[in-house]
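Okay, so here's the structure we're looking at.
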Amino acid sequence: MSSPATGRSLGLLLCLDCRATVRGAKASHPHCPRCHARLHVRKPHSLIVTTVLVVCAALLYIPANVLPVMNTRTIFDDEPDTIMSGVLVLLQSGSWPIALLVFVASIVVPLLKILALGVLLYSAWRPSPHRRLQRSELYRMVEFIGRWSMLDIYAISLLATLVQIQSFASVIVGWGAWAFAAVVVLTLLAARTFDERLLWDTPQHD
Amino acid sequence: MPVIVCPACDLAHRLTTAPAGGRGQCARCRAQLQRRENASIDTAIALAVCALVLLLLSNAYPLVAMQVNGSSRDTTLIGAAAGLYAQGFKSLAALVFLTTVVAPLLQIVSLLYVLIPLWRGRRAFGQTSVLRMLTRVRPWSFMEVFMLGALAALVRLSNFAHIAPGIALWSCALLMLCLSALTSVTSTEQLWRWVEESRE
Chain A
5 MSSPATGRSL GLLLCLDCRA TVRGAKASHP HCPRCHARLH VRKPHSLIVT TVLVVCAALL
65 YIPANVLPVM NTRTIFDDEP DTIMSGVLVL LQSGSWPIAL LVFVASIVVP LLKILALGVL
125 LYSAWRPSPH RRLQRSELYR MVEFIGRWSM LDIYAISLLA TLVQIQSFAS VIVGWGAWAF
185 AAVVVLTLLA ARTFDERLLW DTPQHD
Chain B
4 MPVIVCPACD LAHRLTTAPA GGRGQCARCR AQLQRRENAS IDTAIALAVC ALVLLLLSNA
64 YPLVAMQVNG SSRDTTLIGA AAGLYAQGFK SLAALVFLTT VVAPLLQIVS LLYVLIPLWR
124 GRRAFGQTSV LRMLTRVRPW SFMEVFMLGA LAALVRLSNF AHIAPGIALW SCALLMLCLS
184 ALTSVTSTEQ LWRWVEESRE
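Chains as they are written, first to last, in the working numbering: chain A, 5 to 210; chain B, 4 to 203.
Structure (structure tokens):
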């Protein structure tokens, strides 16, 4: 079976900065003639960088969910809120669409992203000709939904800014919010450093 | 015949004249290939000017005001980041500031900086670097996510306080729509196509 013509087999490079297709990448350090960006056959060190980012994100996912993201301090008591208890507060206030939105964006999406990136990394380390289309679509989904996890960070920042009423209540940001933001940023970076073309590179048989 | 490669799976395709507005899909991984739709540079400039005005409004007026026990507090877009900073979460404040204020502003200003000279048949100083910066900054502009986050915060607050939406909340909502329209008419491919057309 002959392998299909790819950019790599034809000696064509795609500039990731301006999307130009550049022919004849014979120079040792080719640059894009249109936007002068450095050109690479594949994103350099893609697998190792993405793996490190995903591992860090997975580790931080634990404090992000266990530590309080904020504390509501009133004259009577001090009430810590984790991400999950924040969702429950929304649910109790009767606005289930918003509760569902926050639940999906802050709990489901980060977890799914870490798992999906893990699956993608595994299949890029060990390329197989099976289910490549599904994996490609999985990557596109990860890229598309990633940014929505920032939603809770913005909600917390507004709550912490608005609720500062000395005699009544004040909201103090917790380290869980920091860990959560770090998870979101790390997974966003991981999705960006991952070169999806690796999923389609046929295994090299020597 | 010119050849393009799929950005998602590296498969080579012959570039045939696709129908205008048609969306070419990669035969192997179904990723979207170069779009052939030709937005006009006038539309892009109009949207960018509109977004700039909305961005200024969004930062000049309060987003929401909250009334509890007779006292009132309000905040602006920058105020949300400043609140985090005041509590000692500097990196978190920087993240919120960058994604809701700096990135949208840079996106709009750099587009106008490049597009207005192109529209007049000229070339902005440092055009290449500005365009490359734009493609790097654009994915970090999170206006639409901020809007939904604000909505979630307001629902929580409405349990125990009276919430009055400010001018900036409405302008942020419009800005979100305007930015997504702007991003879709100024895809990276489209921007460089305008640059190449101006060279001819």
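Cβ coordinates follow ideal geometry from the N, Cα and C atoms, glycine included. The model shown is predicted, which means the values in this text are computed figures rather than measured ones.
Check each candidate in the options and name the one with the smallest Cα separation from residue i.
i              : options                           : result
residue 96(B)  : 84(B), 120(B), 175(B) and 57(B)   : 84(B)
residue 31(A)  : 20(A), 45(A), 21(A) and 22(A)     : 45(A)
residue 91(A)  : 82(A), 111(A), 83(A) and 75(A)    : 111(A)
residue 46(B)  : 194(B), 188(B) and 11(B)          : 188(B)
residue 107(A) : 98(A), 118(A) and 94(A)           : 94(A)
residue 168(A) : 74(A), 62(A) and 34(A)            : 74(A)
residue 188(A) : 115(A), 17(A), 145(A) and 22(A)   : 115(A)
residue 1(A)   : 193(A), 203(A), 48(A) and 173(A)  : Past the boundaries of the shown model lies residue 1(A); chain A is included only from 5 to 210, so the question cannot be answered.
residue 194(B) : 113(B), 173(B), 71(B) and 100(B)  : 113(B)
residue 184(B) : 172(B), 52(B) and 9(B)            : 52(B)
residue 227(B) : 44(B), 31(B) and 99(B)            : Missing from the structure shown is residue 227(B); chain B here goes from 4 to 203 and no further.
residue 147(B) : 132(B), 137(B), 186(B) and 131(B) : 186(B)
residue 132(A) : 70(A), 81(A), 87(A) and 201(A)    : 201(A)
residue 147(A) : 197(A), 9(A), 60(A) and 34(A)     : 197(A)
residue 155(A) : 99(B), 136(B) and 74(B)           : 99(B)
residue 124(B) : 48(B), 202(B), 30(B) and 73(B)    : 202(B)
residue 140(A) : 115(B), 88(B) and 31(B)           : 31(B)
residue 176(A) : 172(B), 88(B) and 154(B)          : 88(B)
residue 137(B) : 69(B), 35(B), 70(B) and 105(B)    : 105(B)
residue 103(B) : 28(B), 171(B) and 10(B)           : 171(B)
residue 47(A)  : 70(A), 99(A) and 19(A)            : 19(A)
residue 185(A) : 65(A), 206(A), 144(A) and 165(A)  : 65(A)
residue 58(A)  : 121(A), 165(A), 150(A) and 144(A) : 121(A)
residue 166(A) : 133(B), 74(B), 119(B) and 29(B)   : 74(B)
residue 54(A)  : 191(A), 36(A) and 203(A)          : 191(A)
residue 131(B) : 9(A), 22(A), 13(A) and 17(A)      : 22(A)
residue 193(A) : 34(A), 72(A), 56(A) and 119(A)    : 56(A)
For residue i, count neighbouring Cβ atoms within 10 angstroms of its own Cβ and tell me buried if that reaches 16, exposed if not.
i              : result
residue 96(A)  : exposed
residue 117(A) : buried
residue 159(B) : buried
residue 5(B)   : exposed
residue 101(A) : exposed
residue 24(B)  : Because residue 24(B) carries a pLDDT of 48, less than 50, the predicted location of this residue cannot be relied on, and the following value inherits that uncertainty. Its Cβ having fewer than 16 others within 10 Å, residue 24(B) is exposed.
residue 16(B)  : buried
residue 81(A)  : exposed
residue 69(B)  : buried
residue 130(A) : exposed
residue 161(B) : exposed
residue 69(A)  : buried
residue 150(A) : buried
residue 7(B)   : buried
residue 129(B) : exposed
residue 98(A)  : exposed
Does residue i come out as helix, strand or coil in the three-state DSSP assignment?
i              : result
residue 16(A)  : strand
residue 174(A) : strand
residue 26(A)  : strand
residue 83(A)  : strand
residue 199(A) : coil
residue 24(B)  : Bear in mind that the predicted position of residue 24(B) carries a pLDDT of just 48, short of 50, making it too unreliable to give a figure here.
residue 75(A)  : strand
residue 70(B)  : strand
residue 1(B)   : Outside the displayed range of chain B (4 to 203) lies residue 1(B), so it cannot be described from this structure.
residue 106(B) : helix
residue 165(A) : helix
residue 35(B)  : strand
residue 5(B)   : coil
residue 15(B)  : strand
residue 168(B) : strand
residue 159(B) : helix
residue 42(A)  : strand
residue 189(B) : coil
residue 206(A) : coil
For my contact list, residue i and residue j are in at a C-beta cut-off of 8 Å; report their separation, rounded to the angstrom.
i              : j              : result
residue 199(A) : residue 7(A)   : About 18 Å separates the two Cβ atoms, so there is no contact after all.
residue 78(B)  : residue 86(B)  : 7 Å
residue 149(B) : residue 158(A) : 5 Å
residue 66(B)  : residue 169(B) : 5 Å
residue 181(B) : residue 42(B)  : The pair is not a contact, with the Cβ atoms about 15 Å apart (cut-off 8 Å).
residue 109(A) : residue 153(A) : 6 Å
residue 62(B)  : residue 50(B)  : The Cβ separation is near 19 Å, so there is no contact.
residue 156(B) : residue 163(A) : 5 Å
residue 11(A)  : residue 13(B)  : 5 Å
residue 134(B) : residue 48(B)  : Going by Cβ atoms, the distance from residue 134(B) to residue 48(B) rounds to 15 Å, so no, they are not a contact pair.
Segment contact, 8 Å Cβ cut-off, at least three pairs: the segment 181-195 of chain A with the segment 26-35 of chain A: no
The segment 100-111 of chain B contacting the segment 136-149 of chain B, beta-carbon criterion three pairs below 8 Å: yes
Stretch-stretch touch, CB-based, cutoff 8 Å, three pairs: the segment 32-42 of chain A with the segment 126-144 of chain A: no
At least three beta-carbon pairs within less than 8 Å, the segment 49-64 of chain B to the segment 172-179 of chain B: yes
The segment 195-203 of chain B / the segment 136-143 of chain A touching (three or more Cβ pairs under 8 Å): Using a Cβ-Cβ distance cut-off of 8 Å, the segment 195-203 of chain B and the segment 136-143 of chain A are not in contact, since fewer than three pairs of beta carbons, one from each stretch, lie closer than that value.
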